[in-house]
Amino acid sequence: MENTLIKSIYRNTERYLNQEIQISGWVRTLRVSKAFGFIEINDGSFFKGLQVVFEENLPNFQEIAKVNTGSSLIIKGVLVESPGAKQPFELKAQEITIEGDCTSDYPLQKKRHSFEYLRTIAHLRPRTNTFSAVFRLRSLISFAIHKFFQEKGFVYVHTPIITSSDAEGAGEMFHVTTLDLDNIPKTKEGKVDFSEDFFGKETNLTVSGQLNVEAYAMAFRNVYTFGPTFRAENSNTPRHAAEFWMIEPEIAFADLEDNMDLAEEMMKYLIGYALENAPEEMAFFNEFVDKNLLARLENILNSEFVRITYTEAIKLLKEKGESFEFPVEWGLDLQTEHERYLTEKIFQKPVFVTDYPKDIKAFYMRQNDDNKTVAAMDLLVAGVGEIIGGSQREERLDYLEKRMDELGLDKEEYDWYLELRKFGGTRHAGYGLGFERMIMYLSGISNIRDVISFPRTVRNAQF
RNA sequence: UCCUCGAUAGCUCAAUGGUGGAGCAACCGGCUGUUAACCGGUAGGUUGUAGGUUCGAGUCCUACUCGAGGAGCCA
Numbered sequence: 002m003e004n005t006l007i008k009s010i011y012r013n014t015e016r017y018l019n020q021e022i023q024i025s026g027w028v029r030t031l032r033v034s035k036a037f038g039f040i041e042i043n044d045g046s047f048f049k050g051l052q053v054v055f056e057e058n059l060p061n062f063q064e065i066a067k068v069n070t071g072s073s074l075i076i077k078g079v080l081v082e083s084p085g086a087k088q089p090f091e092l093k094a095q096e097i098t099i100e101g102d103c104t105s106d107y108p109l110q111k112k113r114h115s116f117e118y119l120r121t122i123a124h125l126r127p128r129t130n131t132f133s134a135v136f137r138l139r140s141l142i143s144f145a146i147h148k149f150f151q152e153k154g155f156v157y158v159h160t161p162i163i164t165s166s167d168a169e170g171a172g173e174m175f176h177v178t179t180l181d182l183d184n185i186p187k188t189k190e191g192k193v194d195f196s197e198d199f200f201g202k203e204t205n206l207t208v209s210g211q212l213n214v215e216a217y218a219m220a221f222r223n224v225y226t227f228g229p230t231f232r233a234e235n236s237n238t239p240r241h242a243a244e245f246w247m248i249e250p251e252i253a254f255a256d257l258e259d260n261m262d263l264a265e266e267m268m269k270y271l272i273g274y275a276l277e278n279a280p281e282e283m284a285f286f287n288e289f290v291d292k293n294l295l296a297r298l299e300n301i302l303n304s305e306f307v308r309i310t311y312t313e314a315i316k317l318l319k320e321k322g323e324s325f326e327f328p329v330e331w332g333l334d335l336q337t338e339h340e341r342y343l344t345e346k347i348f349q350k351p352v353f354v355t356d357y358p359k360d361i362k363a364f365y366m367r368q369n370d371d372n373k374t375v376a377a378m379d380l381l382v383a384g385v386g387e388i389i390g391g392s393q394r395e396e397r398l399d400y401l402e403k404r405m406d407e408l409g410l411d412k413e414e415y416d417w418y419l420e421l422r423k424f425g426g427t428r429h430a431g432y433g434l435g436f437e438r439m440i441m442y443l444s445g446i447s448n449i450r451d452v453i454s455f456p457r458t459v460r461n462a463q464f
C-alpha cells in the first residue's frame, strides 16, 4: 500500500477522510490504558504529527503498548474525525508494524529539554518540535534567498572555499595544508616552506567571497554568493560560529543607496516568505520561543527601515544622555550596547547606520568626499545586532591604491582585484548577510548553535 | 581572550558545615478518549576532576575541565 505523508493529510484532508491509508513515522509519545492507546506520530513531512488510536483487537496490541518513544512504525488505518479537542482528525489503526525499535534509554523525553542539553545530542535534536521547526525554516529560507535573487535576474556565483589571500583582513583564518605537521619543511630562514605545500603557497579557508564575486559583478552586473564561510576567531558568543553561511550580493552601476534598497527589499521578502510558507513553524516560535515574534516581524513588513549616518547616530546617542558603559565619541566604533539602544530603544525597527569613519572600516570601502568617512552600511536589528554589513566599493584605482598603501597592504597580492578598476570599472556595492543570524531573527532563537545542524565553535567540533 | 555565574540520579532542580531528596524519564502493576494523560509501586548517586581546610565537605578554599550570560572580533 502506498505511503501517505502527514503533510498532505493536513493540506488535503477531504481527500483522505474516511479512507484507508498507510503512514509511517516516529513515535513522539504514547499513552495506553487497558484496552486502547494513543500514539502521537511524526513522519518528518510536516511540523505537526498525527494521532493514532489503537485498540486491543490488534493482534500485537500488547507489543505496541510497550513500544518506546522514538520507535519507527508503519501504520495502516482509516482517517476519521477526532472527538478530541486538540486535533481535527486521527488515524484508527488496523495494522501496526514496528519498523525500528527504540531502546528505553532514548534521551528525548516527552517534556521540554534545555537547549544546552539538546546541543549535547545534536544527532537526535532534529526530532524535537523546536529543531524540526528551525531546520524546516532554514531550508525554506535558503530556497527563498535563491528565489529572490533569481527572480531579480541575479547570477549565482560559486566563489572558492580555499583562498590564497586574506580577503579583507577579516580576522583569523583556518590554514589549509597537506604538509606533514609532524615534519614541517622549513626554508633557510626557518619559516614554513609553503612551496612544498599542495598549492605551492599558503592557503586558507575563505572568510568572504566578496573580492572574488566583485569580478563577476563586473561581467554579470548583478550577482550573489551563498555558501559557507570560516573564521578562526576565538569568539565565544551566542552570535558567532567558526563555520557559517553567508549571502553576498554585489551590484554594478550602483551606489550605497541602491545597496540599502536591495537589502531592505530582501529582508522584507524573506520575512514575508517565512510567514507565508511556514505558518505552523512561525506560530510555534511565537508561542514557545518569543511571544513578540510575529507582531515584530509583521510590523517590519509595513515600515521603512531607518537610515542614519554614523555621525548622526553618535550625535543622537549623546543627546539621549543615556549612561553607557563605553564612551560615545566620533571615531570610536559603536559598541553593542549603542547598537542595541539605537535599534531596540530609539527606533524599535531595523536601522541602517552608514558612512563610518574610514579608520574603523575595511580598505575596499569607497571614500566619501569629506575625506574622513567611507560609504559603509551596517544593518542593525533587535536581538541579533549586526545582521548585514556592506558598502559601496572604492572603484577609483588611485584612491584604492593610496588606501592600501596607508594600511600597509601588499598590492601584489591584490593585483587582479586592482585590475578590475583598470578594465572598465564601475560604481558598485554589495553586502554580506549572515544566514544564521537571519534564521535567528526569523525564529527568535537566541543562540547561533541552535540554528546550525552540527555547529562548529571554539573548542567544539563534535559530531 | 577578559569579566560574571554555574556543574548534585538519564533530564529539570532541592538539600543551615552534621545519615543526599522531589518531579519527569526508566522498570512493574492499574485504568474505556488520552494529548507534557492519570493512579500505585520499584530501582537509580565515588555530588565535573585533582588537591586542601575541618572531628566531619554537595556545602568553605585553590587549580583545572566543561557549560551559560556579558564584552571584544564580526556576519
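Residue numbering for the first sequence follows the working numbering, starting at 2 and increasing by one per position. Beta carbons are placed, not taken as given, at the ideal position from N, Cα and C, and that holds for glycine. Just so we're clear, the structure is a prediction, and the values are computed from it rather than from any experiment.
Anticipated Cβ contact below 8 Å, residue i with residue j, distance rounded
i: V28; j: I42; result: 6 Å
i: I388; j: L333; result: Wrong, their Cβ atoms sit about 22 Å apart, outside the cutoff.
i: S133; j: F48; result: 6 Å
i: E3; j: Q23; result: 7 Å
i: K350; j: K359; result: Not really, about 28 Å apart at Cβ, beyond 8 Å.
i: Y225; j: P250; result: 4 Å
Under 7 Å between C-beta atoms of residue i and residue j
i: F467; j: A243; result: Summary: the structure shown does not reach residue 467, with the chain confined to residues 2 through 464, and so no result is reported for it.
i: D256; j: R422; result: no
i: I248; j: T207; result: no
i: S105; j: N69; result: yes
i: G71; j: Y118; result: no
i: D198; j: T178; result: yes
i: A314; j: V354; result: yes
i: K202; j: S165; result: yes
i: A233; j: L138; result: no
i: L51; j: L92; result: yes
i: N237; j: V459; result: yes
i: I252; j: A430; result: yes
i: V352; j: Y442; result: no
i: P239; j: N461; result: no
i: G445; j: L294; result: yes
i: F436; j: W246; result: yes
i: V395; j: L401; result: It is worth fixing the name first, because residue 395 is Glu in this sequence and not Val. Against a cut-off of 7 Å, the Cβ pair of L401 and E395 comes out as a contact.
According to DSSP, residues forming a beta bridge with residue i
i: L206; result: I163
i: L381; result: V352, E387
i: Y357; result: V375
i: W27; result: N43, S73
i: P250; result: Y225
i: V54; result: F39, K93
i: H147; result: DSSP output for H147 lists no bridge partner at all.
i: V193; result: K187
i: R32; result: F39
i: F245; result: T230
i: P458; result: Rather than Pro, the amino acid found at residue 458 in this sequence is Thr. Paired residues: N461.
i: V177; result: T204
Length of the line joining the Cα atoms of residue i and residue j
i: I76; j: A145; result: 34 Å
i: F227; j: G154; result: 15 Å
i: F6; j: H159; result: Checking the sequence, you will find Leu at residue 6 rather than Phe. Cα to Cα, L6 sits roughly 35 Å from H159.
i: F150; j: F289; result: 32 Å
i: D370; j: E413; result: 27 Å
i: V307; j: D379; result: 11 Å
i: E281; j: I142; result: 15 Å
i: G390; j: N303; result: 23 Å
i: E82; j: N58; result: 20 Å
i: L419; j: L410; result: 12 Å
i: T98; j: P229; result: 41 Å
i: G45; j: S9; result: 12 Å
i: D416; j: R120; result: 44 Å
i: E299; j: Y11; result: 25 Å
i: H339; j: S209; result: 26 Å
i: M267; j: R341; result: 22 Å
i: I272; j: M439; result: 9 Å
i: T384; j: K67; result: The question names Thr, yet the displayed sequence has Gly at residue 384. C-alpha separation (whole angstroms): 44 Å.
i: H147; j: V79; result: 40 Å
i: L343; j: A377; result: 17 Å
i: V214; j: E277; result: 31 Å
i: R32; j: R450; result: 33 Å
Check: residue i C-beta below 6 Å from any heavy atom of the ligand ZN
i: P89; result: Among the components modelled here there is no ligand, and therefore nothing to report on the ligand ZN.
Checklist entry - Can you give, in chain order, each stretch of the beta strand (DSSP E) that sits fully within the region 218-243 and has at least 3 residues? => result 223-231
Checklist entry - For the region 399-456, which segments carrying the beta strand (DSSP E) assignment without a break, of at least 3 residues, lie completely within its bounds, in sequence order? => result 429-435
Item to check | Secondary structure, alpha helix (DSSP H): runs of 4+ residues fully inside the region 75-126 | outcome: 116-120
Checklist entry - Could you give the uninterrupted runs of the beta strand (DSSP E) lying entirely in the region 251-322, keeping only those of 3 residues or more? => result 307-310
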